[in-house]
Amino acid sequence: VPGEPERLSRVARNADGVPLDRESWEQLLGAGETLGLARAEALTIAGLG
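Whatever position you read off the sequence shown (first residue = 1), add 697 for the working numbering.
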């Protein structure tokens, strides 16, 4: 069915989050720190702290 794989992917990502490699995650945390977002706060927001 057209669109079914995309729908299933969206459902899974809404439930489990978007997969992210370690390097990209570190870059996002670094960007947040540059903008004044403490690493601990970013981890809390992400549900990891």
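Ideal Cβ positions, reconstructed from N, Cα and C, are used throughout, including at glycine.
Taking a C-beta distance under 7 Å as the contact criterion, L740 and G746 qualify as a contact pair. Under the three-state reduction of DSSP, D713 is assigned to helix.
At the C-beta level, R736 and L726 come within 7 Å of one another.
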